[in-house]
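Before any comments, here is the structure.
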Amino acid sequence: MVPIPKADELKDLFSLKGKVVIVTGASGPTGIGIEAARGCAEYGADLAITYNSRAEGAEKNAKELSEKYGVKVKAYKCQVGVYSQCEQLVQDVVKEFGKVDVFIANAGKTADNGILDATVEQWNEVIETDLTGTFNCARAVGLHFRERKTGSLVITASMSGHIANFPQEQTSYNVAKAGCIHLARSLANEWRDFARVNSISPGYIDTGLSDFVPADIQKLWHSMIPMGRDAKAKELKGAYVYFASDASSYCTGSDLLIDGGYCARDVFADTVTHIMSFPPAKPTLAPPVKQTAKRETFGNLGPWAEPSWYSSLASPYYNESHKRLRNALRSYIDDNVKPYMLEWEERGEAPVEERRKWARTGFAFGDVPEPYRPKDVPGPAGIPVGELDVFHLLVSTDESSRIEGGVGTALGGGSVIGVPPIVHHGTEEQKQKWLPGLFTWETSFCLGITEPSGGSDVANIQATAKKTPDGTHYVVNGYKKWITGIPTATHMTTAVRTGGSGMGGISVIVIPVNSKGFTWRRIPNSGQNGGGASFVELDDVQVPVENLLGKENEGFRIIMTNFNKERFIMSIGCNRKARTCLSESFDYANKRHTFGKPLIANQIISHKLATIGRYVESHWAWLEQLAYHIQQSPLGWQDPEIAGQIALSKVHGGRILEMANREAQQIFGGAGYQKGGPGAIVEQMSRDLRMMVVGGGSEEIIADLAVRQETALAKRRGWKL
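Read left to right, the sequence shown gives residues 191 to 911 (the numbering used here).
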C-alpha cells in the first residue's frame with residue numbers, strides 16, 4: 191500500500207529534495223521533457239535525463255540544470271523503443287544515484303498522415319516509440335519500484351488519445367497515445383501495492399514539432415481551443431512536479447488533460463460547427479454592388495476582353511483594394527514590360543535592372559510574410575501583405591499573365607514556386623537567411639522536382655541524398671530536367687530520396703547553385719524561352735544538413751501541398767491568355783477586310799469568337815467559385831474538397847487556351863504564324879502554350895487525379911454505387 195506522506199505543509203509535500211527522477215526525451219533546447227526536468231530540478235530533485243541522438247543537447251541541459259539549481263544531473267543515452275536499453279538505463283541510474291523515485295516517460299514521435307498514406311514502417315516506428323517505448327520504460331522501472339515498494343511513474347500521453355484529430359490525419363499517434371492513457375490506468379491497478387501511475391495529456395503545445403503544419407491548419411486548431419492559442423511547454427511543468435511529489439500521494443490512475451479546454455466540449459459536433467462558421471480570412475467580401483445608370487469601366491472594353499467585373503457585371507467578390515491592385519499592375523506592366531517583352535523573350539532573359547525594379551515594386555513574392563520583407567518594399571499597390579486574400583492572388587495572376595513568353599518568370603525567377611516550401615516549412619533561421627535577399631536578387635530560387643524519368647510521379651524521385659559519415663552534409667547525386675529559372679537562381683529547392691522507395695523516402699533540400707558538382711545547361715524549347723528551362727546534373731554535391739526543409743523522409747507532403755496553388759495559378763494564366771487570343775482576334779477581325787467587308791462580318795468568324803467567349807467566361811466563374819471556397823475554408827489551400835476541382839479547372843483552362851489559340855491563328859491566317867507583325871502575340875502564344883498545358887501536371891495525370899479525388903469525396907458524402 192502506498193503510504194500516507196509524513197509532511198503536513200504544502201511546501202514540504204511539493205518538495206522533491208532527496209528524490210531521484212528520470213526524464214526521457216529531455217535533450218532538446220525546448221519541449222515538454224526539458225521543462226518537466228527543469229520543474230523537478232527547481233523543487234530539488236536529482237535528475238537523470240535521456241537522449242537518443244542529441245548527446246550534445248542532453249549534456250548541455252544537464253550542465254545548465256545542475257549549475258542553476260544546485261542538483262545532481264547526468265545524461266544517459268537510451269532508445270526507449272529497445273527494452274534492453276531501458277533496463278540498462280534503470281540499472282545505471284540506480285548504480286549512480288542509489289535509487290529511482292520517479293520516472294517521467296516522455297519520449298515520443300509524431301505522425302502526419304493516416305494509415306493508408308503511411309507505410310507499415312512508419313506505423314511501426316510511431317507505435318514502437320510512443321507506446322512500446324512507454325511499456326519498456328514502465329516495465330524496467332516497475333521492477334525497481336516493486337523491489338523498493340515505492341515509486342511514481344508519470345506518462346506523457348496526449349489529448350490525441352481522447353480524440354481523433356481534425357483536420358490532420360495521424361492515426362498511429364492517436365492510437366499510441368490512447369494506449370498510453372489506458373496503460374497508465376491499468377498499471378495503477380497492477381502496481382497499487384507499491385507505486386502510483388498517472389498520465390498527462392497535453393493539447394497543442396508550442397514545442398516546434400508542429401512547425402511543418404501549414405499556418406491555415408494551425409489557425410483552425412486555435413479556433414477550436416477555448417483559450418485560442420498553443421500552450422508553452424513551461425505551462426506543463428507544474429503538473430509533472432505535482433505527480434512526482436507527495437502532494438499527489440492519493441492520486442493514481444488519473445489522466446490530467448492540459449489542453450486549453452479543447453476536450454471540454456463535444457469535439458465532433460463542435461468541429462463541424464467550426465467548419466461551417468469559421469470566420470473568413472480578411473478582408474471579407476465587399477457588400478453587394480448597387481447597379482447605377484453608369485458603371486465604372488476599366489481596360490480593354492471589347493467583348494469578353496476582360497473579366498466581367500471590370501466593366502459590365504456587378505460582383506460580390508471584389509472591393510476597392512482589389513481594384514487598386516488591378517490598376518497598379520496594369521499600369522506598371524503596360525509601361526515597363528509589354529513594350530519590351532518579346533525582345534526579352536527572344537534574348538532569353540530580362541535585364542537585371544528590370545528584375546530588381548520588379549522585385550522592389552511589391553508585386554513580387556507575395557508569399558513572403560512581412561517580417562522577411564525589407565521595410566522599404568511596400569505590399570502590392572500599398573496593400574499590407576497580411577491583408578492579401580485569394581482574390582488578390584486571382585487578380586494579380588490574371589494581370590501578370592498579360593506578359594507573354596517566359597518573361598514573367600524572367601522578372602521574378604523561379605522563386606514563385608521555389609520559395610513557398612521555405613515560407614511554409616522552413617525554420618526561422620532558414621527564412622531569415624534566404625527570404626530577405628529575394629528583394630535585391632541576392633537570393634533567387636527554383637524548384638527541382640522533375641527528372642528525366644518523369645515529373646508527375648513524385649513518389650518515384652530518383653535523385654539521392656546520403657549523409658556523410660560525420661552527419662554534417664548530404665551528398666546529392668542525380669538529374670533534374672525542365673527546371674524553370676535556373677539561369678538566374680542562387681538556390682534550387684530540390685526533391686531528393688533520403689530513404690527507401692515510395693513517398694516515405696522523399697526529402698526536400700535547398701541546394702546552392704554554385705555548389706561544386708552542380709552543373710546545368712539550357713534546354714532549347716520552342717517557347718517560354720525567358721523562363722530558362724534547364725537540365726541539371728548533380729554529381730556528389732555536398733549540402734549542409736541545415737538546408738533540409740522539414741523532417742527527413744517527410745518531404746513528399748511538402749511537395750504536394752504546393753501543387754494546389756501552383757495549378758490554380760496556371761489555370762488563371764490559361765484563362766487570361768485565352769482572353770488575349772480573343773481580344774487580339776476581335777481587333778484583327780474588325781480591321782481586316784476581305785471580299786469588300788470586315789472579316790468579322792462572316793458568321794463563321796463570329797461563331798469562333800463567341801465560342802472562345804463562352805468558354806473563357808464560364809471558366810472564370812469557376813475560378814471565382816474556387817477562390818471563394820479557398821477564402822472561406824479554414825483549411826485554405828489544403829482543403830480536400832479543392833484538389834480535384836483545381837486539377838480539373840487547370841485541364842479545362844489548358845483545353846480552352848489550345849482552342850482559343852488555334853481559332854485565333856485561323857482568324858489571323860498567315861499573320862498568326864509570323865514572328866512579328868499584327869499576329870506576333872498569337873504566334874508567340876502558340877509556342878508557349880504547351881508548357882501551360884503540361885507544366886504543373888499533365889492533363890492525363892491530373893484529370894485522373896480529379897476523378898479519383900472526387901470519387902473518394904463522393905463516397906465520404908454517402909454516395910453508393
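Positions of the beta carbon are idealized from the N, C-alpha and C atoms, including for glycine.
Through-space distance from residue j to residue i, alpha-carbon basis
{"i": "Ile212", "j": "Ser274", "result": "16 Å"}
{"i": "Trp499", "j": "Tyr669", "result": "45 Å"}
{"i": "Ala385", "j": "Ala434", "result": "11 Å"}
{"i": "Glu246", "j": "Ala252", "result": "10 Å"}
{"i": "Gly745", "j": "Gly271", "result": "25 Å"}
{"i": "His412", "j": "Asp302", "result": "18 Å"}
{"i": "Val726", "j": "Ile676", "result": "9 Å"}
{"i": "Gly908", "j": "Gln899", "result": "15 Å"}
{"i": "Tyr664", "j": "Lys621", "result": "20 Å"}
{"i": "Ala685", "j": "Glu873", "result": "35 Å"}
{"i": "Ala354", "j": "Tyr363", "result": "10 Å"}
{"i": "Ala368", "j": "Leu446", "result": "13 Å"}
{"i": "Phe325", "j": "Gly332", "result": "10 Å"}
{"i": "Thr461", "j": "Ile612", "result": "Caution is warranted here: a pLDDT of 37 is assigned to Thr461, below 50, making its placement in the model unreliable, and the coordinate value is therefore given only provisionally. C-alpha separation (whole angstroms): 30 Å."}
{"i": "Gly572", "j": "Met760", "result": "25 Å"}
{"i": "Ala520", "j": "Asp829", "result": "First, the residue type needs correcting, since residue 520 is Arg and not Ala in the sequence shown. Each residue's Cα considered, the two are about 32 Å apart."}
For residue i, the three-state DSSP class (helix, strand or coil)
{"i": "His681", "result": "strand"}
{"i": "His352", "result": "coil"}
{"i": "Glu930", "result": "Because residue 930 is not part of the residues shown, which for the chain are 191 to 911, the question remains open."}
{"i": "Trp672", "result": "strand"}
{"i": "Lys262", "result": "coil"}
{"i": "Asn314", "result": "helix"}
{"i": "Asn754", "result": "helix"}
{"i": "Trp710", "result": "strand"}
{"i": "Thr397", "result": "coil"}
{"i": "Ser389", "result": "strand"}
{"i": "Ala655", "result": "strand"}
{"i": "Gly867", "result": "coil"}
{"i": "Ile415", "result": "coil"}
{"i": "Asn526", "result": "helix"}
{"i": "Ser705", "result": "coil"}
{"i": "Lys905", "result": "helix"}
{"i": "Gln732", "result": "strand"}
{"i": "Gly576", "result": "helix"}
{"i": "Asn667", "result": "strand"}
{"i": "Ser511", "result": "helix"}
{"i": "Ser697", "result": "strand"}
{"i": "Ile212", "result": "strand"}
{"i": "Gly645", "result": "coil"}
Endpoints, alpha helix (DSSP H) assigned at residue i
{"i": "Trp812", "result": "793–822"}
{"i": "Thr324", "result": "323–338"}
{"i": "Ser342", "result": "Looking at the DSSP string, Ser342 is not in any alpha helix (DSSP H); the run it does join, the beta strand (DSSP E), is 342–346."}
{"i": "Val292", "result": "Careful: Val292 lies outside any alpha helix (DSSP H), inside the beta strand (DSSP E) at 292–295."}
{"i": "Asp282", "result": "273–287"}
{"i": "Leu447", "result": "Looking at the DSSP string, Leu447 is not in any alpha helix (DSSP H); the run it does join, the beta strand (DSSP E), is 445–448."}
{"i": "Ile607", "result": "605–608"}
Exposed unless 16 or more other CB atoms sit within 10 angstroms - verdict on residue i
{"i": "Arg546", "result": "exposed"}
{"i": "Tyr863", "result": "exposed"}
{"i": "Val897", "result": "exposed"}
{"i": "Ala642", "result": "The sequence given here has Pro at residue 642, not Ala. Pro642 should be labelled exposed."}
{"i": "Tyr805", "result": "buried"}
{"i": "Leu200", "result": "exposed"}
{"i": "Gly887", "result": "buried"}
{"i": "Gln855", "result": "buried"}
{"i": "Ile857", "result": "buried"}
{"i": "Lys798", "result": "buried"}
{"i": "Phe785", "result": "exposed"}
{"i": "Ala471", "result": "Note on Ala471: pLDDT 41, under 50, position unreliable in the model; no value is reported."}
{"i": "Gln360", "result": "buried"}
{"i": "Leu625", "result": "buried"}
{"i": "Tyr440", "result": "exposed"}
{"i": "Asp566", "result": "exposed"}
Endpoints, the beta strand (DSSP E) within which residue i is located
{"i": "Ser205", "result": "Segment: none, Ser205 is in no beta strand (DSSP E) and carries neither H nor E."}
{"i": "Tyr241", "result": "236–241"}
{"i": "Gly638", "result": "635–638"}
{"i": "Leu625", "result": "Looking at the DSSP string, Leu625 is not in any beta strand (DSSP E), and its letter there is neither H nor E."}
Three Cβ pairs or more, each shorter than 8 Å: is that satisfied between the region 408–422 and the region 439–450? yes
Any contact between the region 639–656 and the region 765–773? By contact I mean 3 or more CB pairs, one from each, below 8 Å. no
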